[in-house]
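Novice: Just so we're aligned: 1335 in my numbering is position 1093 of the sequence shown, and the numbers increase by one with no gaps anywhere.
For every residue, glycine included, the Cβ atom is placed at its ideal position computed from N, Cα and C.
Can you keep this structure in mind? I'll have questions shortly.
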Amino acid sequence: MMKKKRLSASKASLVLFLCQMISALDVPLDSKLLEELSQPPTITQQSPKDYIVDPRENIVIQCEAKGKPPPSFSWTRNGTHFDIDKDAQVTMKPNSGTLVINIMNGGKAEAYEGIYQCTARNERGAAISNNIVIRPSRSPLWTKEKLEPHQVREGDSLVLHCRPPVGLPPPIIFWMDNAFQRLPQSERVSQGLNGDLYFSNVQPEDTREDYICYARFNHTQTIQQKQPISVKVFSTKPVTEKQPILLTPTGSTSTKVELRGSVLLLECIAAGLPTPGIHWIKEGGELPANRTFFENFKKTLKIIDVSEADSGNYKCIARNILGSAYHVISVTVKAAPYWITAPRNLVLSPGEDGTLICRANGNPKPNISWLANGVPIAIAPEDPSRKVDGDTIIFSHVQERSSAVYQCNASNEYGYLLANAFVNVLAEPPRILTPVNKLYQVIADSPALLDCAYFGSPKPEIEWFKGVKGSILRGNEYVFHDNGTLEIPVAQKDSTGTYTCVARNELGKIQNEVQLEVKDPTMIIKQPEYKVIQRYGQVSFECIIKHDSTLLATVTWLKDNDELPDDERFLVGKDNLTIMNVTDKDDGTYTCIVNTTLDSVSASAVLTVVAAPPTPAIIYARPNPPFDLELTGQLERSVELSWIPGDENNSPITSFVIEYEDGLHEPGVWHYQTEVPGTQTTVQLKLSPYVNYSFRVIAVNEIGRSQPSEPSEQYLTKSANPDENPSNVQGIGSEPDNLVITWEPLKGFQSNGPGLQYKVSWRQKDVDDEWTSVIVANVSKYIVSGTPTFVPYEIKVQALNDLGYAPEPSEVIGHSGEDLPMVAPGNVQVHVINSTLAKVHWDPVPLKTVRGHLQGYKVYYWKVQSLSRRSRRHVEKKILTFRGNKTFGMLPGLEPYSSYKLNVRVVNGKGEGPASPDKVFKTPEGVPSSPSFLKITNPTLDSLTLEWGSPTHPNGVLTSYVLKFQPINNTHELGPLVEIRIPANESSLILKNLNYSTRYKFYFNAQTSVGSGSQITEEAVTIMDEAGILRPAVGAGKVQPLYPRIRNVTTAAAETYANISWEYEGPDHANFYVEYGVAGSKEDWKKEIVNGSRSFFVLKGLTPGTAYKVRVGAEGLSGFRSSEDVFETGPAMASRQVDIATQGWFIGLMCAVALLILILLIVCFIRRNKGGKYPVKEKEDAHADPEIQPMKEDDGTFGEYSDAEDHKPLKKGSRTPSDRTVKKEDSDDSLVDYGEGVNGQFNEDGSFIGQYSGKKEKEPAEGNESSEAPSPVNAMNSFV
């Protein structure tokens, strides 16, 4: 137990050590630098592991290597030193390790069979090649045998055995006759994988004496022939039909082992009459898509690039009309070793740490062993800085003597992998590779990148100065990159000057100067304008430019994004384009492009050509189509087409357009081929291979195009290698450990022949790796697994078909998959600008931790609590995204006097990184909102009582309330204004010493230390005398008007409509109207008549996000109106909850329910009239549902429907929930959020729905007023 604990502790310390390790040096790919630096040997070229040679030619065993100083070479043969000086037939190429064994001058290839290995050595280490097995090819003669003729009955099966001699490599088998013609094969007669010829059933025509098996040995270019085999088929009538039996393989089951990455070939050949068909399945799975092919008339199943997932049982089924037979092949996929992480060269400074990692996989799992300079590491010279831990070598505190070449060998029973990786310890003073006084030119307001490519060991520190004696550059206006580059994100004119880069390490210091010039941007100060011109007229476009005087500007004109026609009518001036004698063909878009060496700008204008005034007489029309098309001079890549033109119809033919159809790949689709002048009636056409061509011709004149001619005869061209490779090759990882290579496949006619495939190749960029290649079917994607995260790869995709390869493709650069960023931004700072705006700063994360393409930063912020109320609420996080490498941003729309938190995260193409620690900040006070309500009660001869509610949003600490009031006479003129300041802790006030029987208008608002908030207004009247008015029976103490008035106008605004409600005091049966208009506008008021004597109305068709003014009046009351109120509609929302009551499907559903209820009522009525009982009714009478609520007898209204958040369906007959309450927050369509003082609710059409009340008794009447305004709940709450 203690031993296990010590082991785990050791593992933990190892992991900690690896995490603290310093990264290795990067050596720039500078040719001059690489020539000067010492480097251990690296094998660059070697012969294949299994090398079969032609015994008639010289044997060349390749071994090339590089290093500084240049390496020397030696060889071993069969494990012992191979002294080439003692063998006159063996020479080594100068400055190379390649061996040449002279066979053509008397040597024998068999004498040089064996296992060879090359060693390249210099003072810094030794690299070794693979074990190269040399074997000469063999093509032995056929053993003589006496072949008896085969006599077979018609309908029986037959197997003709080939049994070729064993050669190296194995020969290619085919069957021919005496005339050297291949024997025809079909579903009935076919050749097996072993070379035998199988007949599922023989026919009389199979009788012949020249069935000959040939073996072709490719290495020696020889063909061996077997003795002819004679077959005679005799007929018997009738021929007996036979059910299938398998000729190969035999039995019901067999096994097969295949290696990962190779091609799996499974074969089933059956006998039977009629000829059986073969069908393949995989038991318990599907055959792999895109990798499965059927050959030899479906008798052979071919799966390419097999993997462990392809292991399993494969069943072939042979079937004809008489029955079936099957065979199950159990396939096991093993794997020779393959790399997961191959060791990579390591360049270190003295005293640094590093690791070599060698990870491979296979089936069975390979054994990993290490060598140092070609010697097993166990017996290699000791190195105190080196420690081996399985597949990892750990280096700590290396010295120059630690330089060596290490070999990793991964092997199992199916093969081995050998990789060389050197450790090169360098001590070098700094060097700057950027040329001295290099000049950089940029346009103002654009980024400037000044290079300082450097190398040194240890890695130098880089500093930048402006000017010869300037101070070191620091601050947010500069970005310092790890490769030494200085970036000025926004270069200005004053950025021009000399910049000095200084590189220093403990071995020395060096500096270099570069020059920066900032130029003025190029502008088009007068752009071309849209022109309409008559045919045969003249038109001119202007393009006047302004540019930096030190840059040379060139002006280019384009028509429809192409070059101007080669026509003398087009005259290009210094700053204009003139077109003479305009024709219809000149119609289009003309673009002026201005280019300098640093920037480019453009502007476009459209030219429209209209017909000149018509002239009578001649009628112009499109030409008639050409006819009598003829193909002559057919060659592999060209053909001559001729035709006879149709009638011109009074307008000369200007050109002929030739189109083609590919009947092999795209029948029925016509493509543009070429265009020739109207005077030409023959054309030599270039053709592509493997296309079945048809041609047609279209005549063109100034009026238009003719109808196409009749197609020509078809012409099928021969197949050839592809001429081009796929386009749009890209490499983008979809996961952190893969690389997805995609391309646009070739079109059908581009394949140039059958069997189109693609060779996909890749290797990691800037790493000395060999290309890895795979051939895939005609697809558009290949996924490379097991890649490092976000590293560049060189990629190329080459087309090939059955005839060969396309030209070598160009390379593109892609990246393996991104992973989430590793670290959060640091040093997050917040600067509060005002009560609603703050600015946040942060330090950028190191680019190497982004692990992907940097897309920007996201700032999450949310309100924690209001400082005035100290009450928390639901946290609603807001997100702002800042693109690119930006390190600051503004946070708008904050609430005053509140506490906020924020954090910052970096974003790449994969997603977001970890969040920075939450940063807390507070906003200062602002002005408050208006008081929540203002009520005026208890009127007397000379006093009124005011009551009010505190603001909904104090936005700070309230300091006081301000009350202003003034009298209003009978003509609505205002008297002197009186102002009173009231302490913030008061909620009521009695105003005394007022005039009797006088109307007053009150203005009321709250204040904080910042200032006054918005005000609320109200009107009230003192009474005439104690006996001058009847006292009401109910509601005494309320303000009683001296004459009719409309007060407490309130609004609840939504996006496009608003609910208007008011209180009316005066005679019954008044006819109201609502007037409204845009606030601040001088337009006339719009008027809407209110139906009946309702005290609410809905204004529809309003504009979102607009402030409106509104007032209410009564007809026939001397034009009396209320005071104005102002409200604002809600902003337009991208997505808004739909009112379900206005949806057609809901209305239809409700109609259907009503119809069903009506039918049920009629049936019940009929049955009761017949004397029968309605059992449901009895059940309801016997077991009354406590949740069923009848109509209220006192007011005739229904109870309300529940609108709970879960939206559960109502029980049958239920009208209200059991507690008869509806919560305010449960309403989906509440308008309270859009206005102040709205306690009741309305439907969108203004109809009363019900109040949020659970009272079972009707409240006593209070004069003409209600203690609560109506309330707009969701339309789902109103079924009637």
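What did DSSP end up calling T1091 once you bin it into helix, strand or coil?
Specialist: Residue state, collapsed to three classes: helix.
Novice: Give me the Cα-Cα distance between A1048 and P987, rounded to the nearest whole angstrom.
Specialist: 13 angstroms
Novice: Under DSSP, the beta strand (DSSP E) around H1552 begins and ends at which residues?
Specialist: It is not possible to answer for residue 1552, since the shown part of the chain is limited to 243 through 1522.
Novice: I need the DSSP call for V1291, collapsed to helix, strand or coil.
Specialist: strand
Novice: Can you grab the Cα-Cα spacing for the pair Y1350 / V1320, in whole Å?
Specialist: 4 angstroms
Novice: So, using beta-carbon positions, are L883 and T924 closer together than 8 angstroms?
Specialist: yes
Novice: Bridge partners for Q304 per DSSP, in chain order?
Specialist: According to DSSP, Q304 bridges with nothing at all.
Novice: Would you mind sorting P1088 into buried or exposed? The rule is 16 or more other CB atoms within 10 Å of its CB.
Specialist: Around the beta carbon of P1088, a 10 Å sphere encloses fewer than 16 other beta carbons of the protein chains shown; the residue is thus reported as exposed.
Novice: Contact between the stretch 617-631 and the stretch 671-680 is defined here as three or more beta-carbon pairs at a separation below 8 angstroms; is this criterion met?
Specialist: no
Novice: Taking the alpha carbon of S1192 as the reference point, which residue from V570, V1054, H1095 and P1225 has its own alpha carbon closest?
Specialist: If we check each option's Cα against that of S1192, P1225 comes out closest.
Novice: Going by beta carbon distance, what residues of the same chain come within less than 6 angstroms of F991, once the five residues before and after it are set aside?
Specialist: Here F991 has D904, H907, S930 and V933 as same chain residues with Cβ atoms under 6 angstroms from its own Cβ, once five neighbours each way along the sequence are excluded.
Novice: Are L1541 and L1233 closer than 8 angstroms when you measure CB to CB?
Specialist: For the chain, the structure presents residues 243 to 1522; residue 1541 sits outside this window and is missing.
Novice: Here's a check: name, in chain order, each residue in its chain whose Cβ is nearer than 6 angstroms to the Cβ of Q641, leaving out the five neighbours to either side.
Specialist: P592
Novice: Can you check whether the CB of F1032 is closer than 8 angstroms to the CB of H1057?
Specialist: yes
Novice: Measuring CB to CB, does N605 end up less than 8 angstroms from E550?
Specialist: N605 is a Cβ neighbour of E550, given a cutoff of 8 angstroms.
Novice: Taking Cβ to Cβ, would you say V499 is nearer than 8 angstroms to V394?
Specialist: Not a contact, by the Cβ cut-off of 8 angstroms.
Novice: With 16 other CB atoms within 10 Å as the buried threshold, where does C455 fall?
Specialist: buried
Novice: Consult DSSP for W1387 and reduce its assignment to one of helix, strand or coil.
Specialist: It is helical.
Novice: Taking V684 as the reference, which of I895, P763 and N1227 has the closest Cα?
Specialist: P763
Novice: Secondary structure at P1428, three-state DSSP: helix, strand or coil?
Specialist: Because P1428 carries a pLDDT of 35, less than 50, the predicted location of this residue cannot be relied on, and the following value inherits that uncertainty. P1428 falls in the coil class under three-state DSSP.
Novice: Which residue wins for smallest C-alpha separation from K1119, given the options S948, T1179, Q1107 and K310?
Specialist: Q1107
Novice: Relative to the C-alpha of D965, which candidate in G1046, E396, T322 and T1298 has its C-alpha closest?
Specialist: G1046
Novice: Quick one: using the 10 Å Cβ neighbour count with 16 as the cut-off for buried, is I465 buried or exposed?
Specialist: exposed
Novice: Anyone know if the C-beta pair for G514 and S442 falls short of 8 angstroms?
Specialist: yes
Novice: Please classify Y358 as buried or exposed, where buried requires at least 16 other C-beta atoms within 10 Å of its C-beta.
Specialist: Taking every protein chain shown into account, the CB of Y358 has 16 or more other CB atoms within 10 angstroms, so this residue is buried.
Novice: Assuming Y1315 and W1327 form a contact by the criterion Cβ under 8 angstroms, report the distance between their Cβ atoms to the nearest whole angstrom.
Specialist: The beta-carbon separation of Y1315 and W1327, rounded to 10 angstroms, does not stay under the 8 angstroms limit for a contact.
Novice: Measuring straight from C-alpha to C-alpha, what distance separates I1075 and Q734?
Specialist: 28 angstroms
Novice: DSSP puts W810 in a beta bridge; with which residues?
Specialist: According to the sequence provided, residue 810 is Glu. The question's Trp does not apply to it. DSSP, once it has assigned bridges, lists no residue as partnering E810.
Novice: Specify the secondary structure class of R938 as computed by DSSP and reduced to three states.
Specialist: Correct three-state label for R938: strand.
Novice: Could you tell me whether the stretch 696-713 touches the stretch 741-754, using the rule of 3 or more Cβ pairs below 8 angstroms?
Specialist: yes
Novice: Between which two residues does the beta strand (DSSP E) harbouring P1193 extend?
Specialist: L1186 to P1193
Novice: Under 6 angstroms Cβ to Cβ from L1219, same chain only, skipping five residues before and after it: list those, please.
Specialist: K1206 and Q1208
Novice: From Y832 to W1104, what distance separates their C-alpha atoms?
Specialist: Note on geometry: alpha-carbon atoms of Y832 and W1104 lie some 52 angstroms from one another.
Novice: Beta-carbon separation of N1127 and E1060 under 8 angstroms?
Specialist: no
Novice: Note down, in chain order, each residue of its chain lying with its Cβ closer than 6 angstroms to the Cβ of L998, except the 5 sequence neighbours on either side.
Specialist: N1020 and N1043
Novice: State yes or no: is the C-beta of K310 within less than 8 angstroms of the C-beta of Q288?
Specialist: no
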